[in-house]
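What follows is a set of notes on a single structure, which appears directly below.
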Amino acid sequence: MQVTITVNGESWDLDVAPADVLLDVLREQIGVKSPKIGCERGDCGSCTVLLDRRTVRSCLVLAVEVEGHEVTTVEGIGADRLSDLQELFITLNSFQCGFCAPGIVLSATELLDENPNPDRHDVQEALSGNLCRCTGYEPIIDAVLAVGQRSGEVTP
Amino acid sequence: MVIPHDFEYVRPNTLEEATRALADCSGSAQVLAGGTDLVAWLRDDAVHPDLVVDIKAIDGLRDLAVADRTMTVGSLVTFTDLMESSVVAEHAPLLSEAAETVASPGIRNRATVVGNICSAVPSCDAGPVLLAYDAHVHLVGPEGFRSVPIEAWFVGLRQTARREDEIVTHLTMELPTHGGCYVKLMRYGGEDLAQAAVAIVVDDAHDYRIAFGAVAPTPVRAHAVEDAIRGRAPTEDVIAEAVAMVRSEISPINDLRATAEYRAHMCEVMLARGLVAADQRRNGDGPEYRTRLI
Amino acid sequence: MTTTHPFEAEAERNGELNAVGTSAVRIDGIDKISGAAQFVDDLDFGPGLLHGAVVESPHAYARIVSIDTSKAEDAPGVVKVVTGQDFPYNFGMYMGDRYIFAQGHVRFVGEQVAGVIARTHRQAVQAAKLVEVEYEVLEALLDPKEAVADGAPLIHPDLGEYSHVPWFFPKAGTNIAHWRKIRKGDTERAFAEADYVLADTYRVPRYAHCAIEPHVTVGKLDHAGRLTVWTASQSPHTQRHLFAEALAPLGFSHKDVRVITPYVGGGFGGKAGVTMEVIGAAMATAVKGHPVKLRFTREQEFYNTYQRQGVVAELKVGVMNDGTITAVEHTLYWDAGAYVEYGANVVNAAGLSATGPYRVPNIRNDSLCVYTNLPPGGPYRGFGYSEFHFGLESHLDRVAAAIGMDPVDFRRKNAIVEGDELSYGAHMNPSGLLPAIDETASAIDWGVEEQSDDPNTVIGKGIALFWKAPAMPPNASSASFLKFNEDGSVNVSVSGMELGQGYLTVMAQIAAEVLGLPVEKVRVETPDTDRNPYEWQTVASHVTWSSGLAVERAAVEAREKIFDVIHQVYGYEDDTLYLADEQVKCTTDPDFAKPLRDFVIDGIQTEDGTWRGGPIVASGKFMPEFTNANSDPETGQGGHPNVHYTVGACGMVIEIDTHTGRIFVRKAALAVDAGKAINPDLVRGQITGGLVQGLATVLYEDMRFDEDGRLLNPNFTDYKIPTAFDIPDEMIPIIIEVPQPDGPFGARGVGEHTMIGAAPAIANAVFDALGVRITSMPITQEKVAQAVSASPT
Ligand code: FES
Ligand code: FES
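If you read the protein sequences in the order shown, they are chains B, F and U.
Quick note on numbering: the first sequence equals residues 2 to 157 in the numbering used here.
Quick note on numbering: the second sequence equals residues 2 to 295 in the numbering used here.
Quick note on numbering: the third sequence equals residues 2 to 794 in the numbering used here.
Have a look at this one:
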């Protein structure tokens with residue numbers, strides 16, 4: 002089937018089978034590799050992308066469903082310059098192997114879009130579907146809270 | 002794993018087209034809304050439909066509103082919609098309390114309430130809440146519209162009253178002024194399927210509606226408990242009476258996630274704590290909605 | 002090569018350390034946060050890429066009667082189907098008991114029986130279902146105690162034939178693949194003379210690593226006969242070696258095998274050695290010219306890579322009334338699974354150290370590696386120590402209580418210190434165990450009773466000590482290359498793996514320190530065995546120490562070459578020269594400053610117009626030269642198998658909801674003796690990560706098998722790993738620094754240690770809160786609720 006999908010601002014006309022999932026199409030047909038294959042059944046969050054600005058598990062979305070919609074990945078978020086969140090992830094040692102990081106950045110981005118000054122519970126809730134086996138989460142939560150505090154300082 | 006089987010995909014724009022597609026399909030067909038269950042099952046090769054009918058382009062399935070104390074929840078309303086709706090928070094707070102326990106944001110942004118009760122696994126979080134809200138499920142099929150009371154909806158393990166050529170359009174519930182709670186047993190703080198759950202609604206006359214999840218092949222209403230304590234505030238004695246009846250209302254099993262004994266024990270604990278919290282909330286105090294009681 | 006130990010030499014020459022000991026930001030940071038970092042599955046291989054799928058055994062133990070691949074071969078897109086007949090070879094890390102594809106028998110559910118290679122992944126998966134295998138089902142052994150019983154069926158009748166390292170002692174004709182014994186002093190007499198003796202049994206189930214990146218391998222045998230394998234691995238050189246050995250009959254020499262390992266999405270031991278990679282490598286040899294990708298599903302990840310072995314631990318401890326431990330007998334029956342080529346060394350390591358970090362005069366350890374028909378056991382963060390510390394540290398709390406001693410005082414009294422004799426006769430290295438105990442105890446306000454306002458909530462505190470030595474062959478080694486670039490920046494090549502621990506950054510810091518460079522001027526990348534020098538493996542928490550020494554030595558060699566050029570041209574003596582701020586400086590001539598960028602490639606022009614110097618390149622290697630594994634098989638005495646121990650302590654404050662049994666961790670403190678924290682932030686990262694991983698093993702994780710040996714929870718739906726909600730309210734990382742004399746700048750490894758203490762500390766806190774002792778892991782909310790309702794109080 003022919004579908005048109007916008008990925009990180011670029012429009013793609015693709016030929017996909019109904020059984021092709023968005024995650025595989027992004028990685029194999031478009032070459033966007035930051036959404037990772039972790040479990041392929043919705044449990045780990047490493048395939049997280051923004052679909053019309055809301056996080057989804059791209060392993061549980063058929064590519065044909067995305068016709069006419071807009072997909073954003075980490076490549077699209079930090080394209081010109083890293084976001085504050087990404088900067089803080091580096092300085093606060095918020096990832097180790099980094100496999101979870103693209104998905105976590107997107108989940109945190111969605112949170113901060115909706116709620117620029119979240120509390121610890123909000124952050125935990127927003128990240129609860131993104132598994133990280135390395136960090137123990139604490140430095141991730143710190144980074145997201147720190148972005149919130151910064152934004153609080155700029156716009157009191 | 003890739004989805005091993007091919008299938009046809011259609012995305013009709015009207016209910017009529019959708020039901021016709023279902024009726025015309027010579028093999029098996031599946032309705033797709035959020036897809037968080039369906040795509041996982043496709044990958045597991047647990048279902049192999051010939052046709053998938055995506056209903057997301059159909060207008061009018063996203064209602065989420067209250068009129069005359071009756072709340073309507075369209076079949077494309079997601080769990081995130083429930084959590085973000087002030088109407089839900091005001092009139093049907095158990096829906097958002099339950100929604101927050103469903104998986105995680107990336108799932109809730111896609112998964113629909115109606116899809117949850119169509120999948121009808123014993124642990125579905127919407128089940129007990131809709132039972133406690135006495136919801137009605139509205140469907141359309143080749144023979145037109147019909148509605149099914151929620152208690153008649155769940156007919157068995159993963160089985161519902163929906164016929165294969167029908168599509169659920171929306172849910173309705175008539176809501177009294179009430180307090181309530183949805184309490185869910187999970188193995189840890191993170192997302193989990195319910196090992197046991199209870200939904201409680203109490204109105205100003207201390208009329209209770211109580212339903213359990215994940216402790217029987219379907220979510221179940223606990224009518225006997227409701228009858229026994231009707232009209233009485235949840236004092237210690239009343240709670241003890243209710244708790245004593247729990248085990249005859251449920252039929253929990255031993256499985257990987259929990260033993261039958263622990264499920265039963267936790268139903269007692271959750272009912273005891275839930276009755277208190279529900280009544281306090283009715284009164285306008287008690288723990289805020291969405292705070293965990295266990 | 003320098004003989005002065007640079008740890009002092011650096012400090013002396015440069016005054017303060019500039020790069021080492023700072024929390025330099027990770028050099029892989031931008032790669033990973035921008036989405037640029039490539040993991041194996043992210044590499045592109047063009048249209049010729051084929052895809053593999055594996056046909057697996059549904060039985061725990063069976064004889065393969067026949068395999069019919071004809072239907073699969075005819076399926077659309079299928080290029081090749083291979084079985085054990087195509088690769089009748091065995092291999093293994095420490096013992097050659099493993100096969101590329103099953104040979105005649107299958108020994109666990111999920112074992113690879115055949116492989117299908119097709120044009121698309123979907124075609125491979127579909128065709129794999131068409132391979133028909135007929136089995137004769139045999140009686141399976143799922144429990145190690147049953148497997149060691151007299152008359153138990155044999156899982157490996159050929160055990161006596163397998164090659165193995167000299168420090169293993171297989172018992173042919175039994176299911177005991179290795180039996181590590183330690184005999185020291187006279188335990189019988191000590192127990193008879195002890196004031197108090199306690200014996201009990203502790204049980205620890207199997208666990209899964211759950212790195213979020215699954216195992217992926219792409220193999221390619223090109224038309225020139227060169228085999229390249231891209232793997233998600235902790236062990237590129239070891240993999241190259243095992244591929245070359247396992248496939249040697251096909252005519253490969255080591256130089257023709259190349260392993261390329263980009264970033265790895267978490268390892269925890271699960272990507273050490275060789276598991277599915279050999280399947281991918283072998284499949285590639287069957288379709289010359291085509292790259293073949295094999296990516297394990299999450300399910301396969303659970304049941305056909307390594308698992309952490311389960312153990313039944315029988316423990317007996319004798320003490321005097323003053324708290325002195327006089328004897329320990331520790332018998333460990335390891336459920337090692339169907340193949341123990343790697344797991345047997347876990348058993349060995351645990352057997353050597355099963356007394357924990359204590360001074361014990363009389364010891365009898367028996368650590369038995371027992372074959373079972375469950376998936377192969379293997380290395381997992383903690384390498385046997387996580388497992389036995391649960392019982393040991395639980396037990397010591399009970400012993401202390403029985404003689405009326407405070408558990409912290411009791412541990413302090415018996416804590417091993419520098420020079421104490423170890424179970425195998427060698428002596429303990431310098432360690433910060435005592436400060437670790439004290440700082441941990443004070444972080445959790447040990448001794449201060451806390452009470453909850455909620456009548457349904459009880460509070461408990463628990464403490465546990467831990468130790469661990471790198472478990473490796475006595476001659477495991479590391480090497481490094483270093484080269485300067487025109488602008489005075491440096492490339493360092495090593496073959497340790499960046500698993501997330503920050504290895505690349507730490508190597509850069511060490512090189513930067515020696516060379517007087519900012520860390521940003523040093524590039525260290527993931528390896529390619531063609532280009533990068535040897536590293537044994539990134540396991541055992543040894544690379545900071547071992548690879549760090551190799552890098553330090555390469556940097557020292559480069560520095561010597563730099564000084565040599567300066568000496569030739571300007572005449573300054575080497576011992577007056579030093580490197581700082583990217584320049585060569587001289588202690589006797591404050592005006593002298595020669596920027597490195599001016600000469601590290603092109604050399605320095607002398608007065609007569611000729612040039613001296615040239616590109617500065619260097620190499621370094623490290624192999625411990627004081628270790629040996631030649632101990633007496635019956636007593637374990639005489640060898641020096643371990644290079645050193647890293648020690649520490651872990652403390653927990655928990656609340657328990659007595660109705661639900663749910664444990665809430667309010668505070669978790671962990672002190673570990675890093676010797677010298679090359680990068681304190683990265684050490685803290687290991688502590689928070691290890692604590693949470695350890696907590697998960699004690700609170701809810703475990704692998705569950707049915708009576709047919711089938712894993713019931715091979716997914717994150719039912720094998721729960723921590724989410725952002727499942728962390729302590731507060732984590733207190735404590736870094737102790739008692740230098741390791743032979744470590745780079747005094748450093749020793751900490752990666753695994755941070756996971757060990759959590760489980761027993763929780764068990765002890767549960768006891769403190771409820772007065773109930775739970776002796777099996779995990780201590781789930783359900784178990785706690787049960788214990789509460791059963792307890793008299
Ligand atoms: S890969 Fe999609 S949630 Fe794990
Ligand atoms: S950093 Fe490794 S999984 Fe999160």
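Just so it is clear, CB atoms sit at the ideal spot from N, CA and C, and this is done for glycine as well.
Within the same chain, Cβ atoms closer than 6 Å to the Cβ of Gly379 (chain U) are found at Tyr307, Tyr343 and Gly344, the five residues on either side in sequence being excluded.
Interface with chain B (9 Å Cβ-Cβ cutoff): Tyr264 (chain U) is included. Using beta-carbon distances, Asn118 (chain B) does not count as an interface residue toward chain U, since no partner is under 9 Å. Taking C-beta separations shorter than 6 Å and ignoring five residues to either side along the sequence, the partners of Glu112 (chain U) in its chain run Ser58 and Ala103, following chain order. Annotation: Cβ neighbours of His266 (chain F) in chain U (cutoff 8 Å, chain order): Ala786 and Ser790.
Excluding its 5 nearest sequence neighbours in each direction, Gln502 (chain U) has C-beta neighbours in its own chain below 8 Å: Leu683, Gly686, Gln687 and Gly752, listed in chain order. Considering only beta carbons, the part of the segment 47-67 of chain B lying closer than 7 Å to chain F consists of Thr49, Arg55, Thr56, Val57, Arg58, Leu61, Val62, Leu63, Val65 and Glu66, in chain order.
At a Cβ-Cβ threshold of 9 Å, Thr659 (chain U) and His238 (chain U) do not count as neighbours. These are the residues, in chain order, with a beta carbon less than 6 Å from any non-hydrogen atom of ligand 1: B:Ile38, B:Gly39, B:Cys40, B:Glu41, B:Gly43, B:Asp44, B:Cys45, B:Gly46, B:Ser47, B:Cys48, B:Arg58 and B:Cys60. Fewer than three pairs of CB atoms, one per stretch, sit closer than 8 Å, so the segment 64-79 of chain B makes no contact with the segment 285-297 of chain U. Ranked by Cα distance from Asp674 (chain U), the first of U:Gln301, U:Gly652, U:Tyr701 and U:Gln741 is U:Gln741. The C-alpha of Thr506 (chain U) is placed about 10 Å away from the C-alpha of Ser24 (chain U). Taking 8 Å as the upper bound for CB-CB distance, Glu558 (chain U) and Ala619 (chain U) are in contact here, some 4 Å apart.
Straight through space, the alpha carbons of Gly405 (chain U) and Val202 (chain F) are spaced by roughly 52 Å. With contact defined as three or more Cβ pairs closer than 8 Å, the segment 329-344 of chain U and the segment 364-371 of chain U are in contact. Under the three-state reduction of DSSP output, Asn492 (chain U) falls in the strand class.
The way I'd put it, the segment 282-293 of chain F doesn't touch the segment 27-42 of chain B; fewer than three beta-carbon pairs between them come closer than 8 Å. When DSSP states are grouped into helix, strand and coil, Gln235 (chain U) belongs to the coil group.
Set against 8 Å, the gap from the CB of Leu132 (chain B) to the closest heavy atom of ligand 2 is smaller. In the displayed model, Met271 (chain F) falls within a helix according to three-state DSSP. Here the distance from the Cβ of Ile108 (chain F) to the nearest heavy atom of ligand 2 is not below 8 Å. According to the DSSP secondary-structure assignment, His428 (chain U) is paired through a beta bridge with U:Glu422. Residue contact check for Met2 (chain F) against chain U: a CB pair falls below 9 Å.
In this structure, the alpha-carbon of Gly61 (chain F) lies about 21 Å from that of Pro150 (chain F). Taking Leu93 (chain B) as the centre and dropping the five residues before and after it, the same chain places the C-beta of Pro140, Asp143, Ala144 and Ala147 closer than 8 Å to its C-beta, in chain order. Taken atom to atom, the span from the alpha-carbon of Ala20 (chain B) to that of Asp51 (chain F) is near 11 Å.
Counting along the chain, Gly116 (chain F) sits inside the alpha helix (DSSP H) bounded by residues Val114 to Ser120. Classified as exposed, Ala193 (chain U) has fewer than 16 neighbouring CB atoms from the shown chains inside 10 Å of its CB.
When DSSP reads this structure, Tyr136 (chain U) sits in a beta bridge with U:Ile65. Distance from Val26 (chain U) to Ile679 (chain U) at the Cβ level is roughly 14 Å; contact not present, criterion being Cβ atoms closer than 8 Å. In the three-state reduction of the DSSP assignment, Leu435 (chain U) falls in the helix class, which pools H, G and I. Ranked by Cα distance from Thr178 (chain F), the first of F:Pro220, F:Asp204, F:Phe146 and F:Pro143 is F:Asp204. Listed by position along chain F, the residues whose Cβ is nearer than 7 Å to that of Gln127 (chain U) are Pro5. For Asp193 (chain F), the residues of chain U that pass the 8 Å Cβ criterion are Lys721, in the order they occur in the chain. Ile6 (chain B): member of the beta strand (DSSP E) spanning Gln3 to Val8, first to last residue. Contact between the segment 161-181 of chain F and the segment 58-72 of chain F is present, with at least three C-beta pairs closer than 8 Å.
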